[in-house]
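The next block holds one structure in the form of structure tokens; read it before the comments.
Residue numbers (this note's numbering), protein chains in the order written: chain A, 2 to 402; chain B, 2 to 402.
So, in structure tokens, the structure goes:
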């Protein structure tokens with residue numbers, strides 16, 4: 002079922018859909034026979050909503066595949082995350098809230114150390130402190146390359162996001178990081194015809210960067226990799242007929258939402274409550290709201306089982322404010338699993354709840370991994386959630402007479 | 002999700018996967034309201050393992066499709082059994098443990114009876130006793146056809162496997178069996194350009210076979226059908242990064258395992274216990290072990306419900322030896338169903354268990370068809386089991402940042 006098929010069935014409606022994404026929601030028990038983070042959390046509001054909902058487990062990319070946040074979000078947003086791939090350079094730029102445009106070629110940058118013979122002896126410049134990175138990034142921004150605009154944004158430690166803006170750039174480029182020490186950084190080469198211009202401009206930038214950084218040991222050179230442009234994504238307004246808004250604090254999620262055509266709202270603060278306030282303030286202006294909770298994933302990646310439980314309970318505590326808005330459809334899910342016991346993203350299917358007045362409720366009054374495994378949505382690709390949500394919102398006409 | 006996608010995510014690990022395949026495992030109740038063979042078997046060790054596992058039902062080929070052993074095994078090995086088809090001639094040769102190579106053209110052979118006018122009057126030569134078949138096969142082996150090597154291996158009764166070895170043979174050939182009596186056997190014709198050489202060599206072999214067998218009534222001629230070469234299969238080492246070993250007693254299973262790049266181990270005996278001993282002896286040498294149990298299927302095909310129950314109980318009794326090796330991932334499944342009540346292979350989904358320390362357990366302390374239908378793996382194509390197993394073995398990196 003492709004977007005063209007769906008698009009022809011889209012019908013106007015005065016209904017509102019809220020997609021509440023707890024990043025890395027899915028978990029694992031700490032010990033044999035135990036409960037997961039979500040099963041451990043005391044969430045009577047969520048459980049009550051579950052009782053009126055259809056439950057299931059979503060698979061972001063494929064069975065056994067651990068999804069990064071980019072593909073995980075594209076999937077729950079309704080896109081095939083293998084067909085629509087966001088390159089690493091583009092994700093890095095989105096992550097620092099850089100507004101990537103269609104003329105932008107992005108890459109991941111590292112400060113690195115060359116020895117006196119110009120050979121690499123530290124690919125990360127001793128994990129340069131972020132403060133120093135910031136100063137050096139400012140220095141790199143003074144570089145001028147004809148025909149192109151240049152952006153250098155510090156990320157963390159030795160890392161920065163690099164963006165070259167000019168018409169006609171192609172991302173089919175080799176990387177400069179040789180992935181080992183004792184050799185020179187590589188030149189950028191065009192992999193496909195048409196990428197020569199980009200290769201030439203990037204090489205000129207690198208050459209000047211080398212001169213500017215020459216005396217700045219240990220950060221006396223840069224490495225660039227993961228060259229990428231933004232994929233051109235079908236837009237929410239076009240394919241789903243939705244005026245969509247994104248409420249997220251961290252750059253990458255704001256970036257991915259912008260990519261699919263959501264309007265990214267300013268959140269006047271950095272707490273969960275601030276995000277719910279933003280939802281309330283803009284309730285009348287949009288048909289669809291994506292609300293992102295970051296800390297579930299942060300705790301998962303840190304191995305903080307109890308912390309993840311607390312974040313879920315905190316989200317649950319704010320749920321009545323969401324429900325008071327009387328949304329027509331509510332989706333509660335995650336973009337992937339991040340079990341605290343694994344301290345990383347994982348391949349495990351993601352607990353998912355879909356509430357509406359016209360859903361066929363499973364009458365399972367519990368929101369948890371094992372409860373969702375018994376749900377009537379079954380185990381399904383995450384990208385299929387959006388059509389179900391649209392149907393529940395009265396936004397899909399009948400197919401055939 | 003194709004092999005290329007998976008291949009790029011493969012990560013090295015020091016983990017071991019065991020795939021225990023009970024042939025034709027899935028069953029049916031003997032009477033309304035009854036239990037299946039697997040549900041009837043007393044299997045506390047399996048049930049305990051199930052409690053720590055994810056359960057599901059696998060579909061070897063497609064919904065409603067009854068799988069042969071070839072496609073059933075390819076599917077649980079991770080291949081699409083429709084894309085990768087093993088022809089009948091090739092399966093016959095694999096079945097007698099013949100090591101088919103890339104230059105080999107294989108066919109199923111029958112001894113048959115011609116009347117004095119050269120017309121077929123028994124397509125199976127009165128189901129010739131195997132002993133006589135063996136003698137005649139030896140006779141056929143004396144035939145010389147220039148440029149080609151010839152192999153004739155007796156199978157059972159009137160059947161034999163025929164292999165022609167020469168460079169440049171194409172299997173696009175018509176068959177010689179007219180599928181009715183009262184007519185002459187057919188000549189082999191090339192269906193596609195490029196198969197003329199093969200047609201010519203096979204016809205010369207048949208001509209000489211006719212002369213040699215002329216006085217051997219009732220087996221005075223042969224029929225050949227199911228011409229096939231081995232498909233070229235992506236190899237386990239390349240697509241999954243696994244050093245894989247196969248432990249199986251019967252030729253066909255050894256052949257299919259060899260085809261996908263598994264090393265086929267010698268089993269010093271023909272009992273189930275011998276197979277488990279082989280597993281123990283080679284434990285340190287491989288990352289992946291396929292262990293095949295034949296008798297579940299044999300009992301199923303013979304309509305021997307109680308026998309199938311006993312074989313399952315016997316396998317269950319050996320499970321502690323497998324678990325004592327501390328495998329990281331254990332899959333227990335079948336290649337298809339063979340309900341005793343049907344006395345044949347069937348289309349019913351196959352009970353499947355996947356254990357690892359990092360699986361999300363369903364907490365269903367029972368391994369049976371109905372228990373698996375409630376499991377969190379859901380009802381899934383058998384070919385998806387391998388990526389899940391690789392993920393659980395820590396052998397798949399994250400997709401996207």
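Idealized CB from N, CA, C, for every residue including glycine.
By the rule that beta-carbons nearer than 7 angstroms mark a contact, residue 345(B) does not touch chain A. Residue 389(B) reaches chain A at 64, 65, counting residues in chain order whose Cβ is nearer than 7 angstroms. Contact annotation: residue 357(A) and residue 346(A) have beta-carbon atoms that are not nearer than 7 angstroms. Any Cβ of chain A closer than 7 angstroms to the Cβ of residue 385(B) would place that residue at the interface, and such an atom is present.
DSSP, read as helix, strand or coil, puts residue 73(B) in helix. Residue range 45–52 is occupied by the alpha helix (DSSP H) that includes residue 45(B). The Cβ of residue 273(A) sits no closer than 7 angstroms to any Cβ of chain B. Rounded to the nearest whole angstrom, the CA to CA distance from residue 354(A) to residue 51(B) is 27 angstroms. Taking 8 angstroms as the upper bound for CB-CB distance, residue 114(B) and residue 204(B) are not in contact here, some 20 angstroms apart. Of the other Cβ atoms in all chains shown, 16 or more fall within 10 Å of the Cβ of residue 300(A); this residue is therefore buried. The continuous alpha helix (DSSP H) containing residue 299(B) extends over residues 296–302.
Taking the C-beta atoms as reference points, residue 48(A) is found no nearer than 7 angstroms to residue 325(A). The shortest C-alpha to C-alpha distance from residue 123(A) to any of 307(A), 350(A), 359(A), 112(A) is the one to 112(A). In the structure shown, residue 111(B) adopts extended strand secondary structure according to DSSP, grouped into three states.
The beta carbon of residue 17(A) sits closer than 7 angstroms to the beta carbons of 288, 328, 329 from its chain, once the five residues preceding and following it are set aside; these are given in chain order. Between the alpha carbons of residue 160(A) and residue 313(A) lies a distance of about 31 angstroms. Taking the CA atoms as reference points, residue 296(B) sits about 23 angstroms from residue 57(B). DSSP places residue 96(A) outside any beta strand (DSSP E); the residue lies instead in the alpha helix (DSSP H), whose first and last residues are 89–96. For residue 224(A), no chain B residue has a C-beta closer than 9 angstroms to its own C-beta; the minimum C-beta separation is roughly 17 angstroms.
Taking a C-beta distance under 7 angstroms as the contact criterion, residue 10(A) and residue 398(A) qualify as a contact pair. Look at residue 66(B) here: in three-state DSSP terms it is coil, with no helix or strand label.
For residue 131(A), the uninterrupted alpha helix (DSSP H) segment begins and ends at 131–141. The DSSP assignment places 289–294, 330–334, 351–357 as complete runs of the beta strand (DSSP E) inside the region 276–358 of chain A, in order along the chain (cut-off: 3 residues).
Burial state of residue 6(A) is exposed, judged by a 10 Å Cβ sphere holding fewer than 16 other Cβ atoms. Going by DSSP, residue 21(A) is part of the beta strand (DSSP E) stretching over 18–23. If you ignore the 5 residues before and after residue 62(B), its C-beta comes within less than 6 angstroms of the C-beta of 68, 72, 82, all in its own chain and listed in chain order. Within chain B, the residues placing a beta-carbon under 9 angstroms from that of residue 70(A) are 401, 402, ordered along the chain.
Between residue 162(A) and residue 93(A), the gap from beta carbon to beta carbon is short of 7 angstroms.
Take the alpha-carbon of residue 249(A) and the one of residue 243(B): they are about 41 angstroms apart.
Neighbourhood of residue 349(A) in chain B, by CB distance below 8 angstroms: 361, in chain order. One Cα belongs to residue 189(A), the other to residue 199(A), and the distance between them is close to 9 angstroms. At least one CB of chain B lies nearer than 7 angstroms to the CB of residue 379(A).
Cβ-Cβ distances below 6 angstroms link residue 238(B) to 262 in the same chain, with the five nearest sequence neighbours on each side left out; the list follows chain order. In the displayed model, residue 208(A) falls within a helix according to three-state DSSP. Cβ-Cβ distances below 7 angstroms link residue 359(B) to 393 in the same chain, with the five nearest sequence neighbours on each side left out; the list follows chain order.
Relative to the Cα of residue 46(B), the nearest Cα in the group 254(B), 382(B), 387(B), 369(B) belongs to 369(B).
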